[in-house]
Amino acid sequence: MVCRFVLPLVLCYSLSPLLAQEDGPAFFEKNIRPLLVTQCLGCHSAASQPVMGGLRLDSRELAIQGGTRGPALIPGNAGESLLLKVVRHTAGPLKMPPGPKMKDPDAALFAQWIQMGAPWGNTTVSAVPASPQKYWAFVPPRAPIPPMTKNTTWAKSHIDQFLLSALEAKGLSPAPPADKRTLLRRATYDLTGLPPTPSEVQAFLTDTSPSAYAKVIDRLLASPRYGERWGRHWLDVARYADSNGLDENLVYKNAFRYRDYVIAAFNADKPFNQFLTEQLAGDLLPSTSDLPTTFERWTATGFLSLGAKMLAEDDPRKMEMDIVDEQLDTTARAFLGLTVGCARCHDHKFDPISHADYYSLAGIFKSSQTMENFKVVAKWHEYVLAPKEDRDRLSAHEALIETKRKEITARAKTENDRLAAIAQNQVGAYLRAAAHLQRDSQIQIAPVESSPQAITRLANTFDKGNIHRILEKSKPNIPKDSNGPYFAEYTITSPVDGPYQLDILNQEFGSGTADLYVNGAWIKRGLPPVQNRAASPESDGWTYLAIIPLRAGANTIRFEHAARFPYFAQLLLAPHTLPHTPLTAVQIATLYNVNPGFLDQLVEYFERSNGATASVLFPWETQGSSVPLRNWASPAAKLFPTLPHTQELLAARYETLFQQALAAGPKSEDPGLKALHEFLTEKFGPFRAPDNARRYFKASAQAELKALDAELKTLEKSKPDFPRAMGVREGEKIEDLAIHLRGSHWTLGQKVPRTFLKVVAGDNPPAIGPTESGRLQLAQWLTQPDHPLTSRVIVNRLWRWHFGRGIVPSVDNFGRLGEKPSNQPLLDWLALRFIANGWSVKSLHRDMMLTSTYQMSSELNAKAAEADPENVLLWRMPRRRLEAEAIRDAVMATSGGLTHDKPGGSILTYKDRQYVANTEKGGLVDYDRPIRAVYVPIVRSSLYDVFQAFDIPDPTSASGDRDSTVVAPQALFMMNSSVMLKHSRRLAELLLNDQSLDDPARIRLAYERALARPPSPGEIDQAQTFIAQIQKDWANDPIKAWQSFAKSLLSSNEFIYLN
Amino acid sequence: MKRRDLLQLSSAGFGSLALSGILGLEQARAAATDPLAVRPPHFPARAKRVIFLFMHGGPSQVDTFDYKPLLKRDHGKPLPFARPKVVSSETFNLLQSPWAFKQYGQSGAWVSDLFPETAKCVDDMCFIKSMHGSNSRHGGALLELHTGSDTFIRPAMGSWVTYGLGSENSNMPGFLTICPTQSHGGANNFGSAFLPAPYAGTAIGAVGIPSRDARIPFITNTETPRPIQRKEIDYSQILNRQQLAMTGPDRALEGRIESFELAFRMQAEAPDLQDLSKESEATKKLYGLDNPITEDFGRQCLMARRFSEKGVRFVQVSHTYKWDQHEHLKRDHAQNAAEVDKPIAGLLADLKSRGLLEDTLVLWGGEFGRTPTAQGSDGRDHNPEAFTMWMAGGGVKPGLSYGATDDYGYYSVENKVHFHDLHATILHLLGLDHLKLTYKYAGRDFRLTDVHGRVVKDILA
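If you read the sequences in order, they're chains A and B. Residue 0 is where the first sequence starts when you use numbering that gives the first Met the number 0, and the numbers rise one by one after that. Residue 0 is where the second sequence starts when you use numbering that gives the first Met the number 0, and the numbers rise one by one after that.
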């Protein structure tokens, strides 16, 4: 027997003839079966739901047959058996069993057993019965019969019967009906998210007809406010946001169209099956000549596009699959109430959703197009909402812009190449100039600070300029909508000709410094900004700038910057008397007749290289040092059999050699010349054209480019602007996906056809054609009347939003890990009723709200509370806290300050695809604007404080449930926020301004507006006393005193809780 | 009973728990249902609290703490081995560090001239030279560093720590982040995701706001004098109690009554903790508050010490998005280091002299390192394959340098430490077992370290 090298020593030892003779089945029973049972069969047997990786290890045949990865066992060949590799962690990323690595002796037993030919004991290992009963949620609902109840008068509908029967079974009875005010307040907030007005309360109280309440429900459902409330509920599920969040937080300026679509859909009572279909496949519905309908359908597909995406991911395939995953997970949670995302990497551990199921669905989204590209930073697709002619016109215009851009780039490149060619021929001059510059930079010149002969000027006393008169630190200091370059010019009168030292005070350098010109001659180059300095550093005190030549009489000193104007406080000129006159780079470049841009690059190169042996300029850099020439490790060394003795000669020799290298070209056979050529032409070498080289172009080229720029600008300005909507369309490539083993696109398994979840697919799932992504069929499948999940999931959501808790409390998870329905017959009855009513959401509201259940009070019943503390059976109407939007809207509505104008777009002040600023939230959007909260943007990663404090769900994942925490930041909002301060004052003014009211009447009005009820006489007394007392603290300012009262009332529990 | 079960058994789910949590009242704490109540660790802790000094942008390891003499020797030569499969962008030949390195202290740790002040503390520091992550872009890498996941929204490490241990100050949140970034994941880097809301990091200010002006949202009221506000709250509480008498016991309503009291106390305590005027001149100087270059970051560090001292569990200080030198490495890394060097050294010295370093874990680092190869002429690209982070205090071996990179600092090669391992180690130092600190969500137990993580035992003191 050959001992394979992959097997460790322990195995070789254990394969001694003595042990090998051990009886096979006995060895299996004693050593292997226990390992399989304890370590493997949990996920790899007939009883596993599902069978992970398709691999079963409960019989020898199945183990040999293997799963998606191929055979697990090769009897007699332990080294090649996958089973052994994975337990030894030598099979790449696949390591089993999960958790700590299997102990070596155990793995050795496996090895020995396989080597023995994998003898088996009994045929199978598992004892758990296969095929458990089908899970309730995967069986379509069948019409349940409403149960009989002992109390035969209470139930108004079948819904009541289902609930009452469950209560009676526990010996409980429902709470008495709520009073009319409570009911109206509940229904109004519930359907519109707003308090009832005093006149609405009055009208309801006076209407004593039996249909009074039903009429109120109809009125509320017909109100445009209804869609604003219920659309928002759906937006939670659609993880709606106005920015991408995640890594690169770009603005989704057009997301609002989807939001408005949702609001309109609810208001119009669009059948839910149609609503669903439009969101998944609006673009694939039979075409219509009606443009608004087409646009609406495109907009609806925004549902798939709104997710948070990793827009800066260096691996485009990962980015694409992450986006597909997000869409798949959101779709499954929203409509199926299932978490499918787990199956991206492996079979779902608890629900019968296999790894293959996942990629069957993923293929549908992969074959659809969400993105224009997967670059860093990637660009999402947006529909142009315009007729075909206009869209064509736009494309043509965009092509023109692109052509113009290319023209400019090409023109600039010609000039860049020309500049570089000149510089590459003057290496000698550059070397000498660089040496001069390096020498001069060593000379330290201290600022003068003060001198009797000094001429000083305050920076803001410039004689000519196009900047603000008052310069501010860290500000651009330029007027809005004006064009650069920005400059300030000072006329300085000098008594004599001669050199002067120029210093400036408190120079800002963080945002870049200005160029300096004296009498029209360029003296010093400005510096680009320091990265990401919100607060610009500045030097504390005087900074030396340059020695400049002045002539007797008037001189012009000009500071210039292309984009902004950096702050400084003063400038000072003093006669230059020091022995040294260091020159700036620009001055030296002029002196040697070279280009300052290239000169700077060469000096930078020397600083970086610092005598590196690989440098082609090694002998130049190490002149005068003790470093021996033999260290020179560049092929260029061969070109210098001897070294010239002076710097001058060395420079000349280099110039000649570089010219030879240029003539020899990039493919020269002489390695030395080739190295020199590479040095001259390398992408970031010192002799490449400098960034922003335009200033060095000849005047005619500059003029040409300026004209081209202007043409581009005109083109860009005249680009037709059409409304756009985020959305998805069919992909260019329709394809089935291969299973991604462990979720990685680096390890692919077999391809699986595009289709739906097998466990609920039914007998006749719609077929997907080879040229279709399958989104339309996905929608058709989801809206089949006998689909076991879609209708149950949505009716359960509505129930949650009305009653605070779903019949299935885990509203987004109907799988095995979710919670069981508290009343499945009720759920099924609602689901079937919903479909029978044509998927009408408004009918469903009526069904739920016209029940006795909904109209119960929230009164405490000690007996019921003990039997059912969580009120699962609904023995009373639960008391609920208002949600974030309703709190904000209610505060504004109570003060009379809320407007019902639709903002007609996004109120973000940013452009589409613009980065959400790295600065404070203030500039992004006016959060205090008194429009309904549903129109306030949801900025991912930077949520509005009020939304954050009051439990808006994370807008990156679908969620049909909200927490209602009670935390201190909420109290701080009530105490200190501008919304509260502003609107409590407004309420105070509203009360005081009505001269017809006395104080008790004012208090009554405040209660009516805030709480929809009148105060008791005791409450009026109490309020009057409080107002009188606190008015003294406010120096007898009545408005302040009433504002205090308003604040207290709006802060009270009764205001933000619904009974 | 596990704390997770406690959190989940309540009638109204997280809601009522969270509310009892912030009651802040002793009786609520005694009821052990308070999410911010102090909870014992799994095993004796070496550190009680964390201060994380976050260098956003990706400081270059080969220019700061990971000395690579061969990089100097081979400057200008091509990288002699393969680059990673996925890179941010093209880089060129090797680029030597513009800064000289020297050895410091008893431990002889190498530090570049960028950090002359911090260098004086090396004998208190423990360097991990072999950090690596999985994402080469800021957004992904920030999320991975802060939450352990670059694919999904997950709770931040500060949230996990607060969930595990609670808060020692009932008037303050357990997890504070001073001037955090709003980009590259923004609030997700300090959010609680599926953990209950009280574990979310509370932001004090934001990037771009000078730290002297940084405040907790809604903490100040410019209109209403404190005594008047007290009366307003008192009146509101009268209304609340009258209502409560009508409704009967209701945890939410009771909780909200208490939340106003906590808010009122927090409103008094937080500004006081942020008020640095009470610190001595010597202390202010120690943190560089006397110098405009170091003032902003120094103020953050000093605030962090004051919060830590008062029992805030996890404090993050951010030097936000400044370390991303694709170009101007020499100028801008110098500027960055100048802004933080003195404050960091001041913080370490101050913690030490107050005896706080014993049980405070200080962590320093960015979301990734940078390439030893040049980008452009004076820049380096992102490099998640290797970078240095360091810790000090709470239970780490002082003066240790752990792990190593290759000759040029491109890849971690010896004793590699992934973010997951770092997380596991931080939790371990705090007395928490990263395998046991779990939270059930969407049907499965989640961990900060997901299915990864190894405690780096070699760096434990």
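Each residue gets a CB set at the ideal place from its N, CA and C atoms; glycine is no exception. Since the model is a prediction, treat every value here as computed from it, not as a measurement.
| Asked | Found |
| --- | --- |
| B:H427 Cβ short of 7 Å to the ligand GDP heavy atom set | In terms of ligand content, the structure shown is empty, and the ligand GDP therefore cannot be addressed. |
| Validate contact between the segment 339-347 of chain B and the segment 394-405 of chain B using beta carbons, cut 8 Å, 3 pairs | no |
| Cβ contact check for the segment 131-138 of chain B and the segment 363-382 of chain B: 3 or more pairs under 8 Å | yes |
| Start and end residues, alpha helix (DSSP H) containing B:I218 | Unbroken run through B:I218: none, as it is neither H nor E. |
| Contacts that A:V915 makes with chain B (C-beta to C-beta distance below 9 Å) | Q181, S182 and G185 |
| Contacts of B:N239 in chain A (Cβ-Cβ under 7 Å) | S1051 and N1052 |
| Delimiting residues of the beta strand (DSSP E) encompassing B:Y440 | Y438 to Y440 |
| Close Cβ partners of A:S608 (< 8 Å) along its chain, the five nearest in sequence each way excluded | S614, L616 and E620 |
| A:S856 at chain B interface by Cβ criterion, 8 Å | no |
| Neighbour-count burial assignment, A:L831, 16 or more Cβ in a 10 Å radius | buried |
| Under 9 Å from the C-beta of A:G244: neighbouring residues of chain B | I152, G184, G185, A186 and N187 |
| Check whether A:V935 and A:Y926 have beta carbons under 8 Å apart | yes |
| CB contact check: B:T246 to chain A, cutoff 8 Å | yes |
| Proximal residues, the segment 281-304 of chain B versus chain A, C-beta separation under 9 Å | N290, P291, I292 and D295 |
| As assigned by DSSP and simplified to three states, the class of A:S977 | helix |
| Where A:I442 falls, given that 16 or more other Cβ within 10 Å makes a residue buried | exposed |
| Rounded separation between B:M245 and A:V965 - CA only | 20 Å |
| A:D950 vs A:D962 beta-carbon contact at 8 Å | yes |
| Contact set between A:W1033 and chain B, taken where Cβ atoms lie within less than 8 Å | I227 |
| Below-8 Å beta-carbon distance, B:I218 vs any chain A residue | yes |
| Contact check, A:N1052 vs A:A174, beta carbons under 8 Å | no |
| Three-state class that DSSP yields for A:G1129 in the structure shown | No information on residue 1129 of chain A is available, as it lies outside the stretch 0 to 1058 that chain A covers here. |
| Short CB-CB distance (under 8 Å) between B:S10 and chain A | For B:S10, the pLDDT reaches just 30, beneath the cut-off of 50, and the residue's location in the model is therefore unreliable, although a value from the coordinates is still provided. Yes, B:S10 lies at the interface with chain A (some Cβ there is under 8 Å from its Cβ). |
| Exposure label - B:T219; buried when at least 16 CB within 10 Å | exposed |
| Close Cβ partners of B:S317 (< 8 Å) along its chain, the five nearest in sequence each way excluded | F53, H55, T176, I177, C178, P179, T180, V206 and Q299 |
| For A:T455, the residue or residues it bridges with in DSSP | A:L571 |
| Interface partners of A:L859 on chain B, CB under 7 Å | T246 and G247 |
| Length of the line joining the Cα atoms of A:D439 and B:R312 | 54 Å |
| Through-space distance from B:S307 to B:S352, alpha-carbon basis | 14 Å |
| A:R185 and B:A251 closer than 8 Å at C-beta | no |
| Buried/exposed call for A:D22, threshold 16 Cβ in 10 Å | exposed |
| Any chain A beta carbon closer than 8 Å to B:A460 | no |
| Three-state secondary structure assigned by DSSP to A:H676 | helix |
| In DSSP terms, what A:G552 is bridged to | A:S493 |
| Three-pair Cβ contact test at 8 Å for the segment 339-357 of chain A versus the segment 275-287 of chain A | no |
| Where A:K214 sits in the DSSP three-state scheme | helix |
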